[in-house]
Structures are given as structure tokens and as C-alpha cells.
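K.L.:
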Amino acid sequence: MAGPKASSTAARPASSSSAGDSSAIQSLWRTYNDTTPSRLKLVDCFLVFLMLSGIAQFLYCILVTNFPFNAFLAGFGSCVGQFVLTASLRAQVNPENRAEFKEVSPERAFADFALGSIVLHFFVFNFLG
Amino acid sequence: MLAYSLPSDISPSTYVNAASLVRIVALGLISAAAISSRLFAVINFESIIHEFDPWFNYRATKVLASEGFYEFWNWFDPTAWYPLGRVVGGTIYPGLMATSGVIYNLLHALNLPVDIRNICVLLAPGFSALTAWATYMFTKEMKDESAGLLAAAFIGIVPGYISRSVAGSYDNEAIAIFLLMFTFFAWIKALKTGSALFGTVAALFYFYMVAAWGGYAFITNMIPLHAFVLLLMGRYTSRLYVAYCSWYAIGTLSSMQVPFVGFQPVRTSEHMAALGIFGLLQIVAFAQLIRSHVSSKQFQDLLFVSVISAAGLGMAAMVLLTYKGWIAPWTGRFYSLWDTGYAKKYIPIIASVSEHQPTAWPSFFMDLHMLTFLFPFGVLALFRQLRDEHVFVIIYAVMGTYFAGVMVRLMLTLTPCVCVASAVGLSQLIDTFVDPREPDVEQEKEGGDAAPSKQAAKKEKNAAPITGVGAIDDIVSTLSGASSPEKDKSGKTKAGIFGLDTRMVVLFNTAAMLLFFVLHCTWVTSNAYSSPSVVLASTNPDGSQHIIDDFREAYYWLRMNTKEDAVVMSWWDYGYQIAGMADRVTLVDNNTWNNSTRLTAGCAAHIATVGKAMSSPEEIAYPILRKHDVNYVLVIFGGLIGYSGDDINKFLWMVRIAQGVWPDEIQEPNYFTPQGEYRVDDQASKAMRESLMYKMSYYRFAELFGGGQVMDRVRQQQLPKQSPTLDYLDEAFTSENWIVRIYQVKKEDSLGRDLKSANGFAQGKKRKRSKPPVKRRALA
Numbered sequence: 001m002a003g004p005k006a007s008s009t010a011a012r013p014a015s016s017s018s019a020g021d022s023s024a025i026q027s028l029w030r031t032y033n034d035t036t037p038s039r040l041k042l043v044d045c046f047l048v049f050l051m052l053s054g055i056a057q058f059l060y061c062i063l064v065t066n067f068p069f070n071a072f073l074a075g076f077g078s079c080v081g082q083f084v085l086t087a088s089l090r091a092q093v094n095p096e097n098r099a100e101f102k103e104v105s106p107e108r109a110f111a112d113f114a115l116g117s118i119v120l121h122f123f124v125f126n127f128l129g
Numbered sequence: 001m002l003a004y005s006l007p008s009d010i011s012p013s014t015y016v017n018a019a020s021l022v023r024i025v026a027l028g029l030i031s032a033a034a035i036s037s038r039l040f041a042v043i044n045f046e047s048i049i050h051e052f053d054p055w056f057n058y059r060a061t062k063v064l065a066s067e068g069f070y071e072f073w074n075w076f077d078p079t080a081w082y083p084l085g086r087v088v089g090g091t092i093y094p095g096l097m098a099t100s101g102v103i104y105n106l107l108h109a110l111n112l113p114v115d116i117r118n119i120c121v122l123l124a125p126g127f128s129a130l131t132a133w134a135t136y137m138f139t140k141e142m143k144d145e146s147a148g149l150l151a152a153a154f155i156g157i158v159p160g161y162i163s164r165s166v167a168g169s170y171d172n173e174a175i176a177i178f179l180l181m182f183t184f185f186a187w188i189k190a191l192k193t194g195s196a197l198f199g200t201v202a203a204l205f206y207f208y209m210v211a212a213w214g215g216y217a218f219i220t221n222m223i224p225l226h227a228f229v230l231l232l233m234g235r236y237t238s239r240l241y242v243a244y245c246s247w248y249a250i251g252t253l254s255s256m257q258v259p260f261v262g263f264q265p266v267r268t269s270e271h272m273a274a275l276g277i278f279g280l281l282q283i284v285a286f287a288q289l290i291r292s293h294v295s296s297k298q299f300q301d302l303l304f305v306s307v308i309s310a311a312g313l314g315m316a317a318m319v320l321l322t323y324k325g326w327i328a329p330w331t332g333r334f335y336s337l338w339d340t341g342y343a344k345k346y347i348p349i350i351a352s353v354s355e356h357q358p359t360a361w362p363s364f365f366m367d368l369h370m371l372t373f374l375f376p377f378g379v380l381a382l383f384r385q386l387r388d389e390h391v392f393v394i395i396y397a398v399m400g401t402y403f404a405g406v407m408v409r410l411m412l413t414l415t416p417c418v419c420v421a422s423a424v425g426l427s428q429l430i431d432t433f434v435d436p437r438e439p440d441v442e443q444e445k446e447g448g449d450a451a452p453s454k455q456a457a458k459k460e461k462n463a464a465p466i467t468g469v470g471a472i473d474d475i476v477s478t479l480s481g482a483s484s485p486e487k488d489k490s491g492k493t494k495a496g497i498f499g500l501d502t503r504m505v506v507l508f509n510t511a512a513m514l515l516f517f518v519l520h521c522t523w524v525t526s527n528a529y530s531s532p533s534v535v536l537a538s539t540n541p542d543g544s545q546h547i548i549d550d551f552r553e554a555y556y557w558l559r560m561n562t563k564e565d566a567v568v569m570s571w572w573d574y575g576y577q578i579a580g581m582a583d584r585v586t587l588v589d590n591n592t593w594n595n596s597t598r599l600t601a602g603c604a605a606h607i608a609t610v611g612k613a614m615s616s617p618e619e620i621a622y623p624i625l626r627k628h629d630v631n632y633v634l635v636i637f638g639g640l641i642g643y644s645g646d647d648i649n650k651f652l653w654m655v656r657i658a659q660g661v662w663p664d665e666i667q668e669p670n671y672f673t674p675q676g677e678y679r680v681d682d683q684a685s686k687a688m689r690e691s692l693m694y695k696m697s698y699y700r701f702a703e704l705f706g707g708g709q710v711m712d713r714v715r716q717q718q719l720p721k722q723s724p725t726l727d728y729l730d731e732a733f734t735s736e737n738w739i740v741r742i743y744q745v746k747k748e749d750s751l752g753r754d755l756k757s758a759n760g761f762a763q764g765k766k767r768k769r770s771k772p773p774v775k776r777r778a779l780a
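One line per chain: the protein sequences are A and B, in this order. Be aware that the first sequence starts at 1, since it is given in full-length UniProt numbering, and climbs by one per residue. Be aware that the second sequence starts at 1, since it is given in full-length UniProt numbering, and climbs by one per residue.
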């Protein structure tokens with residue numbers, strides 16, 4: 001998949017200087033933008049949002065209070081759980097992984113994702129208290 | 001070239017239909033065998049709850065059935081742990097009761113008004129049939145359907161599992177093994193297909209398992225271990241990520257809904273492996289994602305280093321958190337699995353339970369019979385293929401064997417793995433020897449073998465119909481028959497077996513072994529594992545059965561002849577039975593070993609209090625009894641009929657537990673003779689002879705022998721002719737065979753004297769009165 005891009009990056013010297021790193025990140029970003037289908041980008045946006053939401057809750061817990069601990073766990077758990085379920089969905093619908101998920105079509109993957117999320121949020125709401 | 005001919009005019013659909021019919025019939029028969037082999041106790045005795053723990057489960061289920069789920073969930077039981085009471089909702093795993101409650105309501109909705117007791121008694125056999133099915137599904141994922149059927153047949157009747165699931169044994173393990181196997185099946189399925197659906201199913205069954213049994217920690221550590229080993233073997237796939245993360249995210253959140261578990265999944269060390277692997281998988285997955293976008297050596301090195309350093313950092317963070325006390329370290333119960341001397345040294349309550357002893361070799365053979373030696377073979381067979389799911393069974397085998405070696409009780413978790421691995425190994429053997437293909441060497445054999453083969457095949461079918469192996473042979477032979485012509489055309493097979501006689505020898509031996517396995521299982525089940533501990537059975541010389549029913553006699557006496565709120569003190573073994581059968585308030589009960597270390601130090605101290613009262617002289621014990629409002633004291637005494645599980649034999653544990661709390665008042669060495677022997681006869685130590693337990697057990701015992709030799713049939717020792725006397729207690733009830741003795745605690749003396757001197761005064765006065773007439777007579 002990353003074949004054409006690999007040649008351009010592999011040409012650089014292997015030393016991990018800071019200049020090399022920053023350009024590596026740049027090229028990573030470029031490759032990502034070029035090669036990722038748009039629906040996967042949408043999924044990634046959602047993942048970033050979930051991550052930010054989880055970080056915000058965690059900071060609140062550390063800096064302010066963890067008093068209703070079950071509420072914190074429920075909120076944080078819903079972020080983490082939704083994150084990994086979405087990441088699973090991303091892995092399953094990624095065309096690169098077709099060979100790995102022979103039995104899971106993208107539609108089936110989405111149905112699994114929906115079911116998992118419903119179950120997860122049922123427990124989240126039950127645990128909020 | 002075929003060793004025996006096969007019918008060639010069968011269409012594939014006929015074959016498929018016949019095979020599935022055979023499978024269904026075999027599974028049905030296996031379920032029937034699993035259920036019926038657990039009914040010995042019900043048929044021989046009656047349909048009652050057996051051991052100690054199940055009596056509490058039964059009592060809780062009765063509350064659930066009669067008052068509904070919300071009442072049960074918020075049930076505060078004031079009759080247990082008398083001054084303290086017990087919040088039942090927060091201190092039990094409610095899965096078992098909820099299951100019976102659902103079945104009860106379902107049957108009543110169908111207008112089948114079954115008593116809740118019968119549901120409780122027959123729950124374990126019913127679920128054993130489901131276990132057989134779950135094992136079938138699990139093994140099917142490992143190899144094929146024929147191995148699955150073998151595994152189902154094994155686990156249906158294997159004594160290692162029957163011992164905890166006979167009818168009447170209404171304990172958590174009854175449903176837990178089914179849930180264990182089904183969770184593992186869903187996990188394997190999720191790993192194989194990479195479907196989040198099966199991950200969710202695994203999480204839901206994990207939740208059910210958490211609600212049902214404290215052994216869920218086994219799953220919590222097995223699945224991460226499997227994932228970790230797969231990572232180390234370089235077998236990371238996105239399927240592993242999907243399966244593990246969907247299981248962990250939903251499973252952990254759901255497991256925290258059980259009140260008894262609470263925040264443990266984020267606070268205790270037992271659950272940290274799962275969390276650590278979860279974090280590690282995120283890092284690995286992210287690294288894989290990046291690698292797929294930019295494949296350069298520079299990045300790979302960078303990422304490799306960062307993955308390892310991130311994993312190291314996470315590990316260090318966990319160690320630090322544990323060290324700082326943010327994460328609770330291992331509880332004593334789990335810790336004693338690693339440091340096997342730990343419990344004996346520090347927590348005598350854990351060590352005092354007989355199930356927590358190391359396992360001896362004979363019990364492996366008794367519980368598993370031929371599976372003991374098929375098991376390593378099966379594990380080896382799994383090694384040779386080593387698919388992802390095989391790694392799971394191998395890890396399970398190693399861990400399970402270790403734990404079963406450390407603790408008798410954990411034989412139960414080993415048994416499913418043994419059945420699965422043995423079935424895989426055995427079915428591989430059968431496959432090899434039923435396969436009709438022969439290695440292509442000579443042509444001349446062909447003619448000679450064709451004629452007797454049909455008879456032989458028929459013989460094989462008849463040889464082992466009992467365990468369902470005959471059916472499996474059929475399937476395998478038909479399968480290989482259907483596929484063999486093309487294979488034979490395509491090329492030579494290099495390895496193989498010549499002739500029918502070699503096949504017959506091996507298959508006949510296998511069938512014979514399976515037959516002996518069935519006989520052994522039935523024998524062990526009927527003889528060793530099907531005796532209710534509530535009723536003691538012995539055989540008369542003429543072979544008829546004599547039933548000793550002292551426990552229920554005494555409990556029923558308590559129920560009928562004492563006040564409703566009377567407090568009964570006994571050793572904790574009998575707490576649940578007293579609460580369940582006698583319906584009286586108890587001081588301590590069997591809910592000790594999961595409370596003592598974690599929940600309240602109060603409970604442990606409470607047991608030690610009872611131990612102290614039992615092992616102290618009367619004058620010291622009496623204030624303790626009065627302080628706790630004890631009305632009756634109940635002791636179990638087997639000296640008359642030789643019932644060895646009585647309180648004198650448990651006495652040393654009481655002493656030890658009391659010694660842990662009051663080391664300067666109770667000392668274990670005081671209860672031994674100067675030679676260091678534990679005796680009850682006239683050489684018994686002073687502390688022993690004065691202890692309340694000794695006095696209560698042997699009170700008036702000498703009278704039974706009418707001046708002859710007083711013999712304790714358990715200890716095989718002669719007792720002094722003079723029975724001990726009691727000043728502070730009155731004998732209230734002694735059962736027919738003197739097994740249960742109940743004493744009433746006297747009220748304080750109305751004149752304010754201590755009871756000993758009051759008693760002495762009363763007796764002395766009588767003596768004075770009776771003396772003068774004798775004198776007068778002598779004078780006259």
C-alpha cells in the first residue's frame with residue numbers, strides 16, 4: 001500500500017535527527033492524506049474527538065476531583081470503549097485488511113459496531129448511577 | 001487404494017444430512033448421560049440441598065423467588081453475623097440466584113408450578129448439559145466436530161466436574177463452568193473471525209460469569225495472557241485487536257456493575273494484566289497503522305523502540321501504583337496460589353478449608369481416569385499445528401495444571417481443558433486409524449482386504465456406541481470416504497497404515513479404554529461424589545441402608561422449640577445450615593474466607609471470638625457468650641458413631657484462629673500433651689480438658705457406657721470414666737446418635753454470684769441434705 005511513498009522516504013539517511021523526524025512526520029501526514037479513503041478519514045475524526053473528550057475527562061478527574069468515581073469511570077469508559085469499537089470498525093472496513101477479515105463484510109462490521117456500542121452504552125448508563 | 005470399501009453412491013447432501021443428524025442425536029444422548037449421571041444422590045436419598053454453601057444460595061434464592069428481584073438486590077440479612085448483620089446484595093455473586101429466579105418465573109409463566117427447591121436441586125445437572133454443548137462448540141473451533149463430540153462426551157461424565165455439580169449441589173460452580181467454556185468459545189470465535197459481535201458476546205458472557213463466580217479472575221487473566229503470548233510470537237493481527245478490545249472495553253465496564261466486584265477491575269492487581277495488555281494493544285495497533293503508511297527502516301526502528309519503551313513505561317507505572325498503594329496488591333486468596341506457604345502462615349482461615357490443600361496424584365487419576373495421560377498427548381497434538389486458538393488451549397493447560405496442583409478445589413477449572421485437549425488427541429488417533437486410505441506401495445493387497453472389510457466396519461460401529469464414539473467413527477469414515485477418491489488420484493500418500501488388522505487392534509483398544517472410562521466415571525460418581533453431607537448413610541451387615549439423620553433432627557428441634565430470635569453459636573462451618581434449616585440467628589457462617597481479608601476485619605475477629613469462646617474455660621467463655629446474646633451453643637460430636645468430621649477434629653483450627661487475635665490468651669501448644677500429642681483421654685492437657693469444646697462434646701458421654709470403658713470411636717482413645725461437668729451451660733438437646741449437641745446458655749444468677757459457685761452451692765447443699773439420713777441410719 002505504502003509502496004510508492006516508501007521509496008521517497010527510504011532515500012533519507014537513517015539517522016534519527018530532529019530534522020529527520022519532523023520531515024518524517026510531515027511525510028507521514030502527506031501519505032496519510034493521499035492514501036486514506038475519505039470515509040476512513042471521517043472515522044479518524046471521530047476517533048480524535050473521542051480521544052480529546054477522554055483526555056478532558058481524565059484531566060478533570062486528576063485536577064479537580066474524582067468524587068463520583070462511578071460517574072467518572074462510566075464517562076471515561078464510554079470514551080475508551082467507543083474509541084476501541086470505532087478503531088475496530090476502522091480496521092474491519094479498511095480495504096487493506098480485506099485479506100484478514102474474510103468473514104466480516106463492511107456492512108456486517110458496521111452492524112457489529114452498532115451492536116457493540118449499544119451494549120456498551122447500556123452499561124454506561126447503568127453505571128452512571 | 002482403500003483398506004475397506006466404502007459405499008460410493010451416496011450424494012453429498014445425504015452425507016451432510018446424516019452427519020448432522022448423528023451429531024444432534026449424539027449431543028442429545030450426551031446431555032442425557034450428563035444429567036442422569038448426576039442424579040444418584042436424588043434417587044438414593046431425596047431431593048435436598050447438600051453441602052454447606054448451597055444452603056445460603058438456596059435461602060437467597062427463596063427470597064428472590066418470593067419477594068422479587070429488587071428486594072433480593074437490597075436484602076439486608078440481620079440474622080447472619082448476629083451483631084453485625086450482612087448486606088447480602090453487596091457480598092454475593094448474584095448470578096446463580098438470578099438464573100434460578102428466571103427459570104422459576106419462566107416455569108410458572110408456563111403454568112408449571114415447580115417448587116423453587118427442585119429448581120435449585122436440579123440446576124446443576126441441567127447446566128452440565130449446557131456445559132457439554134459449550135465444550136462441543138469450543139472444541140469444534142480447535143479441530144472439528146468429531147473432536148467436539150468426544151470432548152462433550154468427556155465433560156459430560158468426567159468425575160472432576162461431576163464432583164461439583166451433582167444434583168443438590170447448588171453452588172456457584174454449577175453454572176460457572178458453562179459460562180467459562182462459553183466465554184472462551186466466544187473469545188476464540190472472535191479471534192478467528194475478527195468480529196466485534198463475538199467480542200461483545202464474549203463480554204456479555206464474561207459479565208454473566210462475573211455475576212456468577214469469583215473464579216472469573218481466571219478468565220480475566222487467561223485472555224490477556226493469550227493475547228500477550230500471541231503478541232510475543234509475532235502473531236499480532238487486526239483480528240486480535242478487534243476481539244480483545246471489544247471484549248475488554250465492554251467486559252470491564254459490565255463487570256463493574258456487580259456490586260460485589262465494584263471498582264476492583266481498576267483498583268486491584270488481579271485485573272491489571274488485562275488493563276496492561278489493553279494498553280499495549282493500542283500502542284501496537286497504532287504502530288502498525290503508521291507502519292502501513294510509511295514503510296522505512298528509520299520509522300520501523302523508531303517505532304520499535306517507542307513501542308518497547310511505552311510498554312516498559314506502562315509496566316513501571318503499574319508497579320509504582322501498586323507500590324504506592326493506589327492499586328491494591330493481590331488478595332490473600334489469590335496470593336496463596338503463588339506462595340503456597342502463605343495462607344498457612346498468615347491466614348489460618350484460608351488454610352483451614354480442606355479444599356485449599358495441594359492435590360495428591362491419586363485424585364488426578366480418580367477425577368480424570370484415562371484423560372490424565374491423553375491430556376499431554378492432546379497438548380502435543382495441538383503444538384504440532386499451533387494455530388492461534390491452539391495457543392490458548394496450551395496456555396490454559398499449563399496454567400490450569402499448575403493451579404490444580406496447588407489447590408484441590410481448582411481441579412474444576414482444569415477439567416474442561418483436559419477434556420478438550422484429550423478429545424483433540426484422541427480424535428486425531430481415531431482419524432488416523434479409521435482413514436481407509438493406504439500408502440501406495442503394492443497392488444496385491446487390494447483384493448484380499450475388500451471382502452472382510454464390511455463386516456469389520458460394522459463391528460467397529462457396534463464396538464463403542466456407549467460414548468458416542470461409534471457415531472464419530474461413522475462420520476469420520478464417511479468423510480474420508482467422500483474425499484478420498486480425488487486424493488488418491490492426485491498423488492501418493494506417504495504415511496499411513498496397512499491392512500485392517502492394525503486398524504482393528506488400535507481401534508478396539510481405544511473403544512475398550514473409552515468403555516472403561518465410562519465405567520470408572522459411573523463408579524466414582526455413584527460411590528464418592530453422590531453423598532449428601534446432610535444425611536449420613538451407612539450399610540447394615542445385611543446390606544440394607546441405615547440413614548443417620550441427626551443434623552436435620554437437631555436443626556428441626558431448634559426450629560420448633562426455640563424462640564424465633566434465639567442466637568445460636570456454632571463453628572462457622574454450620575452457619576449456613578443453621579440459618580437455612582433451623583432458621584435461627586447465627587454468630588458466624590461460611591461467608592468467611594472471601595470476607596476475612598478484604599471486607600471487614602470485623603468478620604475475622606468475629607470468627608476468632610467464637611474460636612476463643614470454644615477453646616477457653618467456661619468462666620472466660622461465659623462473658624463472651626453473654627456479651628453476644630448467645631442463647632444456644634451447638635457442637636458436632638462424632639465420638640459415638642465414628643463421624644470424623646466433628647468439632648473436636650476441627651478444634652485445633654479454632655485454637656489457631658483465636659491465637660491469631662489473642663496470642664497471649666490462647667496458645668496452641670497448651671492443647672497438646674507434653675509429648676506433643678493431641679489427645680482427649682486422661683492424658684489430655686489441662687487447657688484441653690477445661691476448654692468449653694471438650695466439655696460440651698463429652699458431657700455425660702461416660703454415662704452411655706454404664707461404667708465400662710468409655711471409648712471415643714473417632715480418636716480411638718479411652719476417655720476417663722468421669723465425664724466433665726458444666727456450670728454455665730445446660731444441655732438442651734442431643735440428637736439420636738449424639739452427633740449434634742445443643743446447649744443452652746444459663747442466665748446470670750439472680751443473687752449475683754457467679755454460676756460456678758452458685759452451682760457448687762446448690763450441689764453442696766444437696767449433699768448436706770442427703771448425708772444426715774445416712775448417718776442416722778448408721779446410728780440406728
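Even glycine gets a Cβ: it sits at the ideal position worked out from N, Cα and C. In this text the structure is predicted, and so the values were computed from the model without any measurement.
Where does TYR342(B) sit, in a helix, a strand or coil, going by DSSP?
P.N.:
Taking the first residue of the second sequence as 1, we reach residue 342(B) at position 342. Three-state DSSP puts TYR342(B) in a helix.
K.L.:
Could you give the distance in angstroms between the alpha-carbon of ILE49(B) and the alpha-carbon of VAL121(B)?
P.N.:
On the second sequence, residue 49(B) is found 49 positions in, with the first residue counted as 1. On the second sequence, residue 121(B) is found 121 positions in, with the first residue counted as 1. So the two alpha carbons sit approximately 6 Å from each other.
K.L.:
Taking C-beta pairs closer than 7 Å, name the residues in chain A that THR193(B) reaches, listed in chain order.
P.N.:
Taking the first residue of the second sequence as 1, we reach residue 193(B) at position 193. Here the neighbours are GLU103 and VAL104.
K.L.:
Within 9 Å (strictly less), CB to CB, does ILE290(B) reach chain A?
P.N.:
By 1-based counting over the second sequence, the position of residue 290(B) is 290. ILE290(B) counts as touching chain A.
K.L.:
Starting from residue 785(B), follow the alpha helix (DSSP H) in both directions and report where the run begins and ends.
P.N.:
The requested residue 785(B) is not part of the displayed model; chain B covers only 1 to 780.
K.L.:
Fully enclosed by the segment 578-648 of chain B, which beta strand (DSSP E) runs are 3 residues long or longer?
P.N.:
Listed in chain order, they are 632-636.
K.L.:
Identify the contact partners of ASN97(A) in chain B, using a Cβ-Cβ distance below 8 Å as the criterion.
P.N.:
Working through the first sequence from its first residue, we reach residue 97(A) at position 97. Under the 8 Å cutoff, chain B gives SER238.
K.L.:
Are three or more beta carbon pairs between the segment 40-59 of chain B and the segment 568-576 of chain B nearer than 8 Å?
P.N.:
Cβ pair count under 8 Å is three or more, so yes.
K.L.:
Using the DSSP secondary-structure output, state which residues sit across from ARG437(B) in a beta bridge.
P.N.:
Against the second sequence, residue 437(B) aligns to sequence position 437. ARG437(B) pairs with LEU2(B).
K.L.:
Do the CB positions of ASP98(B) and ALA167(B) come within less than 9 Å of each other?
P.N.:
Here residue 98(B) refers to the residue found at position 98 when the second sequence is read from its first residue. Here residue 167(B) refers to the residue found at position 167 when the second sequence is read from its first residue. What sits at residue 98(B) in the sequence shown is Ala, not Asp. Not closer than 9 Å, so no.
K.L.:
List the residues of chain A whose Cβ lies closer than 8 Å to the Cβ of MET318(B), in chain order.
P.N.:
If you number the second sequence from 1, residue 318(B) lands on position 318. Within chain A, no residue comes near MET318(B); the closest Cβ sits about 17 Å away, beyond 8 Å.
K.L.:
Output, in chain order, the set of chain A residues within a Cβ distance shorter than 8 Å of LEU232(B).
P.N.:
The residue labelled residue 232(B) in the question sits at position 232 within the second sequence. In chain order: nothing, as chain A lies at least about 20 Å away.
K.L.:
Looking at the structure shown, is MET569(B) part of a helix, part of a strand, or coil, going by DSSP?
P.N.:
Along the second sequence, read from residue 1 onward, the residue named residue 569(B) stands at position 569. Correct three-state label for MET569(B): strand.
K.L.:
Report yes or no: is there a C-beta of chain C within less than 9 Å of the C-beta of VAL294(B)?
P.N.:
Checking the listed chains, one finds no chain C in this structure; the protein chains it contains are A and B.
K.L.:
To the nearest angstrom, how far is the alpha carbon of PRO329(B) from that of ASN66(A)?
P.N.:
Reading the second sequence from its first residue, position 329 is the one you call residue 329(B). Reading the first sequence from its first residue, position 66 is the one you call residue 66(A). One C-alpha to the other measures close to 21 Å.
K.L.:
Is VAL92(A) close to chain B? Criterion is C-beta to C-beta, closer than 9 Å.
P.N.:
Taking the first sequence and counting its residues from 1, the one referred to as residue 92(A) is at position 92. Looking at the sequence provided, one finds Gln at residue 92(A) rather than Val. Yes, because at least one Cβ of chain B sits closer than 9 Å to the Cβ of GLN92(A).
K.L.:
Please go through the same chain and pick out, in chain order, the residues whose beta-carbon is closer than 8 Å to the beta-carbon of SER254(B), but skip the five residues on each side of it.
P.N.:
Looking up residue 254(B) in the second sequence gives position 254. Once the five neighbours on either side are set aside, the close Cβ partners of SER254(B) are ALA203, LEU204, TYR206, PHE207 and VAL210.
K.L.:
Let me see if you follow: with CB-CB separation under 9 Å, is THR65(A) close to chain B or not?
P.N.:
Numbered from 1 along the first sequence, position 65 holds the residue referred to as residue 65(A). Chain B, which has no Cβ nearer than 9 Å to the Cβ of THR65(A), makes this no.
K.L.:
Is DSSP giving ALA471(B) helix, strand or coil here?
P.N.:
The sequence position of residue 471(B) within the second sequence is 471, counting from 1. A caution first: ALA471(B) carries a pLDDT of 45, below 50, which makes its placement in the model too unreliable to give a value.
K.L.:
Drop a sphere of 10 angstroms on the beta-carbon of GLU677(B), count the other beta-carbons inside from all chains shown, and report buried for 16 or more, exposed for fewer.
P.N.:
Taking the first residue of the second sequence as position 1, residue 677(B) is located at position 677. Burial call: exposed.
K.L.:
Note down the Cα distance separating LEU386(B) from GLN288(B), rounded to an integer number of angstroms.
P.N.:
Indexing the second sequence from 1 puts residue 386(B) at position 386. Indexing the second sequence from 1 puts residue 288(B) at position 288. Distance between the alpha carbons of LEU386(B) and GLN288(B) is about 24 Å.
K.L.:
Between which two residues does the beta strand (DSSP E) containing ILE548(B) stretch?
P.N.:
In the second sequence, residue 548(B) corresponds to position 548, counting from 1. From DSSP, the beta strand (DSSP E) with ILE548(B) extends over 545-548.
K.L.:
Take the Cβ of THR135(B) as the centre, count every other Cβ of all protein chains shown within 10 Å, and call the residue buried at 16 or more, exposed below.
P.N.:
Here residue 135(B) is taken as the residue at index 135 of the second sequence, counted from 1. So THR135(B) counts as buried.
K.L.:
When you compare each of ILE395(B), ILE394(B) and ALA404(B) to PRO362(B) by their alpha carbons, which one comes out closest?
P.N.:
Indexing the second sequence from 1 puts residue 362(B) at position 362. Comparing Cα-Cα distances from PRO362(B) to each of ILE395(B), ILE394(B) and ALA404(B), the minimum goes to ALA404(B).
K.L.:
Measure the Cβ-Cβ separation of ILE30(B) and ALA60(B) and say whether it is below 9 Å.
P.N.:
Here the question's residue 30(B) lines up with position 30 in the second sequence. Here the question's residue 60(B) lines up with position 60 in the second sequence. Cβ atoms of ILE30(B) and ALA60(B): not closer than 9 Å.
K.L.:
Ordered along the chain, which non-local residues of its own chain (more than five positions away) have a Cβ less than 7 Å from that of ALA732(B)?
P.N.:
In the second sequence, counting from the first residue as 1, residue 732(B) sits at position 732. Same-chain partners within the cutoff: TYR632, ILE742, TYR743 and GLN744.
K.L.:
Report the rounded CA-to-CA distance for PHE69(A) versus PHE263(B), giving the unit in angstroms.
P.N.:
Counted from its first residue, the first sequence places residue 69(A) at position 69. Counted from its first residue, the second sequence places residue 263(B) at position 263. Between PHE69(A) and PHE263(B), the C-alpha separation is close to 9 Å.
K.L.:
Report yes if the C-beta distance between MET318(B) and LEU281(B) is below 9 Å; otherwise report no.
P.N.:
Counted from its first residue, the second sequence places residue 318(B) at position 318. Counted from its first residue, the second sequence places residue 281(B) at position 281. No, Cβ-Cβ distance for MET318(B) and LEU281(B) is not below 9 Å.
K.L.:
Looking at C-beta atoms only, is the number of pairs between the segment 178-196 of chain B and the segment 135-149 of chain B that lie closer than 8 Å three or more?
P.N.:
The segment 178-196 of chain B, when compared against the segment 135-149 of chain B, does touch it at the 8 Å Cβ threshold.
K.L.:
Chain B partners of PHE127(A), CB-CB under 7 Å?
P.N.:
On the first sequence, position 127 is the one that residue 127(A) refers to. The contacting residues are LEU253, MET256 and GLN257.
K.L.:
Using the Cα positions of ARG12(A) and GLU96(A), report the straight-line distance between them to the nearest angstrom.
P.N.:
What you label residue 12(A) is simply residue 12 of the first sequence in a count that begins at 1. What you label residue 96(A) is simply residue 96 of the first sequence in a count that begins at 1. With a pLDDT of 38 at ARG12(A), under the threshold of 50, the modelled position of that residue is not reliable, and the figure given next carries that caveat. Rounded to whole angstroms, ARG12(A) to GLU96(A) spans 26 Å at the Cα level.
K.L.:
Any C-beta of chain A sitting closer than 9 Å to the C-beta of ALA186(B)?
P.N.:
By one-based count along the second sequence, residue 186(B) stands at place 186. No, its Cβ sits nowhere closer than 9 Å to a Cβ of chain A.
K.L.:
TYR699(B) and LEU719(B) - do their beta-carbons sit closer together than 9 Å?
P.N.:
Walking along the second sequence from the start, residue 719(B) turns up at place 719. Walking along the second sequence from the start, residue 699(B) turns up at place 699. It is not a contact, given that the beta carbons lie outside the stated cut-off.
K.L.:
With a cut-off of 9 Å, does the C-beta of TYR32(A) fall near any C-beta of chain B?
P.N.:
The residue you call residue 32(A) lines up with position 32 of the first sequence. Yes - at least one Cβ of chain B is within 9 Å of the one on TYR32(A).
K.L.:
Strictly below 9 Å CB to CB, what residues from chain A border TYR241(B)?
P.N.:
Position 241 of the second sequence, counted from the first residue, corresponds to residue 241(B). Neighbours of TYR241(B) on chain A, chain order: VAL84, ALA87, SER88 and ALA91.
K.L.:
Could you spell out the range, first to last residue, of the beta strand (DSSP E) harbouring ARG741(B)?
P.N.:
If you number the second sequence from 1, residue 741(B) lands on position 741. From DSSP, the beta strand (DSSP E) with ARG741(B) extends over 740-745.
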